[in-house]
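Enquirer:
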Amino acid sequence: MVERRISTDVLVIGGGTAGFGAALGAAQHGARVRLVEGTSKIGGVMAFCPGMPWGGGYPTGRSIGGVFGALTDRLSAMQPPKAEVRASTLENFGYEVIYDHEAAVFTMFQMLEDAGVEVHLNTYVGSPVMAENRIQSVACTDRTGPFTIEAAMVIDCSGDGDMSAKAGVPFTVGDGRGNMMGVTLSFSMLNAPWKTVFAKGDPYFEAEARAGIAAGRLHPDLAKLYLMRGFHRDTVFCNSVHIRGVDGTDPQHVARATQEGRRRCHQLANFLIECVPGFEKARMAELGPTVGVRETRKLEAMHRMLARDLAAGVKPLDGIVACDNPIDDVMRGGADMTHDAIVAAGDYYTIPFRSLVPKKIENLLFAGRLVCADPAAFASVRGMPQCMAMGQAAGTAAALAMASGTAVQALDAAQIVSALMAQGVRGIGGEGLSHHAQAKLA
Ligand SMILES: Cc1cc2nc3c(=O)[nH]c(=O)nc-3n(C[C@H](O)[C@H](O)[C@H](O)COP(=O)(O)OP(=O)(O)OC[C@H]3O[C@@H](n4cnc5c(N)ncnc54)[C@H](O)[C@@H]3O)c2cc1C
1 MVERRISTDV LVIGGGTAGF GAALGAAQHG ARVRLVEGTS KIGGVMAFCP
51 GMPWGGGYPT GRSIGGVFGA LTDRLSAMQP PKAEVRASTL ENFGYEVIYD
101 HEAAVFTMFQ MLEDAGVEVH LNTYVGSPVM AENRIQSVAC TDRTGPFTIE
151 AAMVIDCSGD GDMSAKAGVP FTVGDGRGNM MGVTLSFSML NAPWKTVFAK
201 GDPYFEAEAR AGIAAGRLHP DLAKLYLMRG FHRDTVFCNS VHIRGVDGTD
251 PQHVARATQE GRRRCHQLAN FLIECVPGFE KARMAELGPT VGVRETRKLE
301 AMHRMLARDL AAGVKPLDGI VACDNPIDDV MRGGADMTHD AIVAAGDYYT
351 IPFRSLVPKK IENLLFAGRL VCADPAAFAS VRGMPQCMAM GQAAGTAAAL
401 AMASGTAVQA LDAAQIVSAL MAQGVRGIGG EGLSHHAQAK LA
């Protein structure tokens, strides 16, 4: 058999929100980019939990811009609009973007195509071949069999970091003691009039949940039914079927958790229809194809974000995206859900580029939910807009590193930050978000 070998400037592993940003960031700087995604869809967690709002894109009420802003603008400009910005119903979360899921996935793919990114779907990245401190190539598999991608730069946006771990990047798992946040299976209910469903104003429907648990109709972990308005009228998005103690790096664990999640989602849908006003004529739709995994590996980088620094509103010189998301912890170990504010109201912090840079490997960067952070900091930085922006920064940096033949550890952070600002990223480079009054919401 003839060995298949492909070469590229930048290889992006994973087509979630971080991989989307990374591929665009690199392509916008003229690099030849290949994005390899294991499933049949762009989006990652966003595709596994259809309809989940993009939270955290508006620190202090202003857009972070960049690829997140471009995607939101594109969807909002459609006729009729396919995205809108609204205030979250949860304490300490600011504005979020709610969108038509299919339009968003289509548009993201279109933006990748327009930028000239070669997208491989249903294709898995396996092990790397190393040459001292560089990744020379990675083994891949698609339905036609194994092949090899040789890449000048590799960006790991896989969420779990399997390839980076195999390349020798040290990592911690979950909270450092192996406890990872709960995984979640989401679904929507169609034909549920908002006027009736949300008449009481409690986003958690705690009284109804208590009654369902007491009657043995709901799992005890459903004490808070987080129900929210979907993008389409009288559609309700349900993001509260959490399963604890799942190792998201273990495919068998994930498969079992997905089936358990389906069981609980069907129970919940039936309970809503039979017991909660407004759902009498509703029906379930858009049950996720697999559980959404929040947290697995965190890769070691040149800098580890610490919650105490973020709480002080740090804005380092190499800050690449603004964030004021709360500490959004979902059932790590025996804990419940928390979303305590991390910064003072009206302030934000920025995520440093160094948290995307491994200590040794010279042509590897990473972005998204495998970023280097302590557990509380991680619980704040992991929103999808920030993942897109981390990806954009890693992609931009990869293109700059390749063009100059520089190891990622030696890159000039100021150059990366000004390149990002030129791409419309806001709130970095010493320029406060408040300078951008035009991006402020009403
Ligand atoms: C249930 C849940 C609810 C959430 N709620 C919100 C919310 O309301 N708002 C918000 O903004 N954020 C929310 N988050 C957080 C946010 O969704 C994630 O942090 C973010 O989507 C992570 O993006 P990512 O690109 O880093 O990783 P992922 O989305 O996990 O993407 C990684 C991609 O890499 C692919 N991949 C993995 N390994 C390989 C491989 N070896 N080869 C090829 N492809 C591979 C995967 O298939 C996947 O598509 C939530 C997360 C979860 C799980």
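Note that this note's numbering has the sequence shown beginning at 1, numbered continuously upward. Ideal Cβ positions, reconstructed from N, Cα and C, are used throughout, including at glycine. All values reported here derive from a predicted model rather than from experimental measurement.
Below 8 angstroms, can you find three or more Cβ-Cβ pairs linking the segment 130 to 138 to the segment 385 to 396?
Expert: The segment 130 to 138 is not in contact with the segment 385 to 396.
Enquirer: Considering only heavy atoms of ligand 3, does any lie closer than 8 angstroms to the CB of L370?
Expert: Absence of ligand 3 is noted for the structure shown, with ligand 1 being the only ligands found.
Enquirer: Report the three-state DSSP secondary structure of F378 (helix, strand or coil).
Expert: Position 378 of the sequence shown holds residue 378. F378 falls in the helix class under three-state DSSP.
Enquirer: Quick check: what's the CA-CA separation for F205 versus K224?
Expert: Indexing the sequence shown from 1 puts residue 205 at position 205. Indexing the sequence shown from 1 puts residue 224 at position 224. Taking the straight line joining both Cα atoms gives about 6 angstroms.
Enquirer: Determine the DSSP secondary structure at Q271, reduced to helix, strand or coil.
Expert: Position 271 of the sequence shown, counted from the start, is the residue given in the question as residue 271. A quick correction: the sequence has Phe, not Gln, at residue 271. Looking at F271 - three-state DSSP - the assignment turns out to be helix.
Enquirer: By Cβ distance, which residues of its chain are closer than 7 angstroms to A442, with the 5 residues on each side in sequence left out?
Expert: The residue you call residue 442 lines up with position 442 of the sequence shown. Residue placement at A442 is flagged as unreliable, the pLDDT there being 37, under the threshold of 50; the coordinate-derived value follows with that caveat. The answer is none, since no qualifying residue turns up.
Enquirer: Can you determine whether any heavy atom of ligand 1 sits closer than 8 angstroms to the C-beta of T17, and answer yes or no?
Expert: As a first step, residue 17 is located in the sequence shown; it is residue number 17 there, counting from the start. Under cutoff, so the answer is yes.
Enquirer: What's the call for Q28, buried or exposed, on a 16-neighbour Cβ count within 10 Å?
Expert: By 1-based counting over the sequence shown, the position of residue 28 is 28. Result: buried.
Enquirer: Considering just the uninterrupted stretch of the beta strand (DSSP E) at A70, what are its terminal residues?
Expert: Here residue 70 refers to the residue found at position 70 of the sequence shown. Where A70 is concerned, there is no enclosing beta strand (DSSP E), although the alpha helix (DSSP H) it sits in stretches over 66 to 76.
Enquirer: Do you know offhand how far V36's Cα is from S380's?
Expert: Position 36 of the sequence shown, counted from the first residue, corresponds to residue 36. Position 380 of the sequence shown, counted from the first residue, corresponds to residue 380. C-alpha separation (whole angstroms): 27 angstroms.
Enquirer: What's the gap between the Cα of R229 and the Cα of L218?
Expert: As a position in the sequence shown, residue 229 is number 229, starting the count at 1. As a position in the sequence shown, residue 218 is number 218, starting the count at 1. The straight-line gap from Cα to Cα measures roughly 21 angstroms.
Enquirer: For A22, which residues from the same chain have a beta carbon less than 6 angstroms from its beta carbon, with the 5 sequence-adjacent residues on both sides left out?
Expert: By 1-based counting over the sequence shown, the position of residue 22 is 22. Taken in chain order, the residues that qualify are V12, I155, C157, A367, G391, A394, G395.
Enquirer: Does the beta-carbon distance from I135 to R34 come in below 9 angstroms?
Expert: For the purposes of this step, residue 135 is identified with residue 135 of the sequence shown, where counting begins at 1. For the purposes of this step, residue 34 is identified with residue 34 of the sequence shown, where counting begins at 1. Cβ atoms of I135 and R34: not closer than 9 angstroms.
Enquirer: May I have the straight-line CA-CA distance separating F237 from P50, to the nearest angstrom?
Expert: Within the sequence shown, numbered from 1, the residue matching residue 237 stands at position 237. Within the sequence shown, numbered from 1, the residue matching residue 50 stands at position 50. For F237 and P50, the distance between alpha carbons rounds to 9 angstroms.
Enquirer: Give me the residue from D221, H120, E286 with the minimum Cα distance to F147.
Expert: Position 147 of the sequence shown holds residue 147. Of the candidates D221, H120, E286, the one whose C-alpha sits nearest the C-alpha of F147 is H120.
Enquirer: Do R332 and E300 have their C-beta atoms closer together than 9 angstroms?
Expert: Working through the sequence shown from its first residue, we reach residue 332 at position 332. Working through the sequence shown from its first residue, we reach residue 300 at position 300. No, the pair does not count as a contact, with Cβ atoms beyond the cut-off.
Enquirer: Per DSSP, what kind of secondary structure is I98 in: helix, strand or coil?
Expert: As a working mapping, residue 98 is identified with position 98 in the sequence shown. Three-state result, I98: strand.
Enquirer: In the DSSP assignment, what are the bridge partners of R5?
Expert: Locating residue 5 in the sequence shown gives position 5, counting from the first residue. Per DSSP, T148.
Enquirer: May I ask you to report which of helix, strand or coil DSSP gives Q136?
Expert: Looking up residue 136 in the sequence shown gives position 136. Looking at Q136 - three-state DSSP - the assignment turns out to be strand.
Enquirer: Run through DSSP, which three-state label would R283 get?
Expert: Looking up residue 283 in the sequence shown gives position 283. Of the three classes helix, strand and coil, the one that applies to R283 here is strand, per DSSP.
Enquirer: Measuring only from the beta carbon, is W54 closer than 8 angstroms to any heavy atom that is part of ligand 1?
Expert: Position 54 of the sequence shown, counting from 1, holds the residue named residue 54. Yes - ligand 1 has a heavy atom lying nearer than 8 angstroms to the Cβ of W54.
Enquirer: For R297, count neighbouring Cβ atoms within 10 angstroms of its own Cβ and tell me buried if that reaches 16, exposed if not.
Expert: For the purposes of this step, residue 297 is identified with residue 297 of the sequence shown, where counting begins at 1. Counting Cβ neighbours within 10 Å, R297 comes out buried, since at least 16 surround it.
Enquirer: Just to confirm, is the Cβ distance from I342 to I327 under 9 angstroms?
Expert: Sequence index remark: in the sequence shown, residue 342 carries index 342 (1-based). Sequence index remark: in the sequence shown, residue 327 carries index 327 (1-based). The answer is yes: Cβ separation under 9 angstroms.
Enquirer: Indicate the three-state DSSP secondary structure (helix, strand or coil) for K315 in the structure shown.
Expert: Here residue 315 corresponds to residue number 315 of the sequence shown, with the count starting at 1. Residue state, collapsed to three classes: coil.
Enquirer: Just verifying my parser: in three-state terms, what is the DSSP assignment at A442?
Expert: Walking along the sequence shown from the start, residue 442 turns up at place 442. Since pLDDT at A442 reaches only 37, below the 50 mark, its modelled position is unreliable, and the value read off the structure follows with that caveat. The answer is coil: DSSP assigns A442 none of H, G, I, E or B.
Enquirer: In the segment 195 to 229, which residue ranges form an unbroken alpha helix (DSSP H) of at least 4 residues, counting only runs that do not cross its ends?
Expert: Runs of the alpha helix (DSSP H) inside the segment 195 to 229: 206 to 214.
Enquirer: Can you tell me whether G427 is buried or exposed, with buried defined as 16 or more other CB within 10 angstroms of its CB?
Expert: By one-based count along the sequence shown, residue 427 stands at place 427. Buried.
Enquirer: Across which residues does DSSP place C238 in a beta bridge pair?
Expert: Numbered from 1 along the sequence shown, position 238 holds the residue referred to as residue 238. Paired residues: F187, L227.
Enquirer: Taking A116 as the reference, which of D73, G25, Q252, I351 has the closest Cα?
Expert: Here residue 116 refers to the residue found at position 116 of the sequence shown. Residue identity check: residue 116 is Gly in the sequence provided, not Ala. Taking only the C-alpha atoms, the option nearest G116 is G25.
Enquirer: Spatial neighbours of M111 within its chain, please: C-beta separation below 6 angstroms, excluding the five flanking residues on both sides.
Expert: Start at 1 with the first residue of the sequence shown, and residue 111 comes out as number 111. Here the set comprises nothing.
Enquirer: Quick check: the Cα distance between S76 and I416, rounded to an integer number of angstroms?
Expert: Indexing the sequence shown from 1 puts residue 76 at position 76. Indexing the sequence shown from 1 puts residue 416 at position 416. When rounded, the distance between both Cα atoms is 29 angstroms.
Enquirer: Comparing alpha-carbon positions, which option in G19, V10, E113, P59 lies nearest M46?
Expert: Residue mapping note: residue 46 aligns to position 46 of the sequence shown, counting from 1. Of G19, V10, E113, P59, the residue nearest in Cα terms is G19.
Enquirer: May I ask you to verify whether the segment 268 to 283 touches the segment 181 to 191, counting CB pairs closer than 8 angstroms and requiring at least 3?
Expert: In short, these stretches touch, since the Cβ pair count reaches three.
Enquirer: On the criterion of 16 or more Cβ atoms from any shown chain inside 10 Å, does R4 qualify as buried, or is it exposed?
Expert: Translated into the one-based positions of the sequence shown, residue 4 becomes position 4. By the 10 Å Cβ count, R4 comes out exposed.
Enquirer: If I measure Cβ to Cβ from S88 and keep anything under 6 angstroms in the same chain, skipping five residues before and after, which residues do I get?
Expert: Within the sequence shown, residue 88 is the residue found at index 88, counting from 1. Only E96 meet the Cβ criterion.
Enquirer: Please report how far the alpha carbon of Q259 lies from the alpha carbon of A407, in whole angstroms.
Expert: Within the sequence shown, residue 259 is the residue found at index 259, counting from 1. Within the sequence shown, residue 407 is the residue found at index 407, counting from 1. Cα to Cα, Q259 sits roughly 44 angstroms from A407.
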